[in-house]
Amino acid sequence: MAERILVVEDEPGISSFLSKGLEHAGYDVTVVDKGREAIRQIQDHVFQLMLLDIGLPDIDGFGVLEHVRGQGHKLPIIVLTARTSVDDTVAGLSQGADDYMSKPFRLEELIARVRLQLRKAHSQSNEADDVLEAGPIRLELRTHRVFVDGEPIELTPREFTMLQAFIEHPDQVLTRTQLLDLVWGFDYDPGSNVVDVYVRYLRLKIGMKRIATVRGIGYRLDVD
Ligand code: CA
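According to this note's numbering, the sequence shown is numbered sequentially starting from 1138.
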């Protein structure tokens, strides 16, 4: 599956330049031109990276950064700043951006930075990902073995991937759309109730109370 990049940029010339270039480089690109829309996209979907303009018409890039990091999203964020705004750059990095590009920039340079950030994020998650633990649950990714309270349990591959998605998003409520994205991939019919069905299967195996329903939003892993 192609890696997904969210481009947040209100100048149509720049955003179309970016989306064409990134798509050509093999990425799956979503473009929005407002801060509020960016926040909504991050809440509803899974992206591997965000390119974020600072000057936006509603909530500016700093506001988006603060919100997205405040919600615990760890995706790499590259801030796009105007050439002269050194202050913007410093502020952006201190608020959780991973890198910045000053406008105007060359596409090749941007794509190199994007690749670097994606590689970094990937290797960080690989190191941490060999064994995942949450409370009494232990997932061994290489062997696909699962233990609850030290007892081995059998999960189907989908159940395993769903449990992994919950553990990789600790304390976060995952919406049905996010779970569809993470477990089934993007093209799944969003009207399907497959998420609810699999949450039920998973509860039967790991303990009914360990996945909490957050009414109107989705589900959260609930382990102490
Ligand atoms: Ca702008």
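Even glycine gets a Cβ: it sits at the ideal position worked out from N, Cα and C.
Since we're looking at a predicted model, the values are computed, not measured.
- DSSP places LYS1346 in the helix class (H, G or I) of the three-state scheme.
- Of the heavy atoms belonging to ligand 1, at least one sits nearer than 7 Å to the Cβ of GLU1148.
- Beta-bridge pairing by DSSP links GLU1277 to VAL1268 and ARG1282.
- No Cβ-Cβ contact shorter than 8 Å links PRO1327 with LEU1316.
- Within 7 Å of the C-beta of ASP1190 there is at least one heavy atom belonging to ligand 1.
- Look at ILE1290 here: in three-state DSSP terms it is strand.
- Taking each of ILE1196, GLY1344 and LEU1311 in turn and checking the Cα distance to ILE1354, the smallest one comes out for LEU1311.
- In terms of Cβ geometry, VAL1285 and PRO1273 form a close pair [threshold 8 Å].
- With a cutoff of 7 Å, LEU1193 counts as near ligand 1, since its C-beta is closer than that to a heavy atom of the ligand.
- Where SER1156 is concerned, the enclosing alpha helix (DSSP H) starts and stops at 1149-1161.
- Nearest to ASP1147 by C-alpha distance, out of HIS1161, GLU1174 and GLU1140, is GLU1174.
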